Each structure stands twice: as C-alpha cells, then as structure tokens.
Amino acid sequence: MDIELLYFDGCPNWQIARDQIAEALAATGNAGTPIVLRAIDTQDEAEREAFPGSPTIRIDRVDAFGPTTGVGLTCRVYHTANGPAGAPTVPDLVEALRQAELRRH
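Each step along the sequence shown adds one to the number in the working numbering, with nothing skipped, and position 103 is 333.
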C-alpha cells in the first residue's frame, strides 16, 4: 500500500494528518507502511498534481477522501462526525485504509 501526504509548508494541519495516518495504519495492522511526504510549493505544481489543498492523503494514488473542486495552495477542510476539521479523524482514516484494501482485491 502506498500512502502519500501532500501538503504545503504554510498548512497548520499536515503534521496532525501525518500523526493520525500513522495511528490509523497501526490500528489496521499496517504500522510499517511508510508515509511519503510531498511538499507542493507552487500553484503550477498544485495544478499538475491536481492538489485540492493541504493536507491531501492519497492511498495507492487515489485521493482517500474523494474528488473535490478546485486546486491550489489552500487549506483543505474535511467533513467529520464532529464537524469541519483541518485533517481527517483516525476513524475516517481507518475506513479509508479499509476501502483501499478492498480495492486492491
């Protein structure tokens, strides 16, 4: 399983997302899976990568939380059970990992 965390340096939430991805990986028995960190530095790069905002999590090259509209160096908002948040919750990440595992089989 390939996990990418795309972010831009001004984003206050990418480290939170990184830590929560690690927790979700551990919860699903995938603690040894590396998280590839990819900084998106320019608008051109954001457009080339179809980067909808920071943090973006891709599992096996697929956005773990579905397509969004627009691309750019902006903060991404996640819709969680507790309301809008700057990073997905651990339970949401666990579910995304499970869905990715199902796609692989």
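Glycine is no exception: its CB is placed at the ideal position from the N, C-alpha and C atoms.
This one's a predicted model, so the numbers in the text were calculated from it and none came from an experiment.
Euclidean distance between Cα positions of Glu279 and Thr298: Translated into positions along the sequence shown, residue 279 becomes position 49. Translated into positions along the sequence shown, residue 298 becomes position 68. In a straight line, the C-alpha of Glu279 is about 13 Å away from that of Thr298.
Determine, using beta carbons only, whether Tyr308 and Ala269 come nearer to each other than 8 Å. Along the sequence shown, one-based indexing puts residue 308 at 78. Along the sequence shown, one-based indexing puts residue 269 at 39. Not in contact: Tyr308 and Ala269 (Cβ atoms no closer than 8 Å).
Counting pairs of Cβ atoms below 8 Å between the stretch 236–254 and the stretch 317–335, do you hit three or more? yes
Whether Ile265 touches Leu327 by CB criterion (8 Å): Working through the sequence shown from its first residue, we reach residue 265 at position 35. Working through the sequence shown from its first residue, we reach residue 327 at position 97. Contact flag unset, no.
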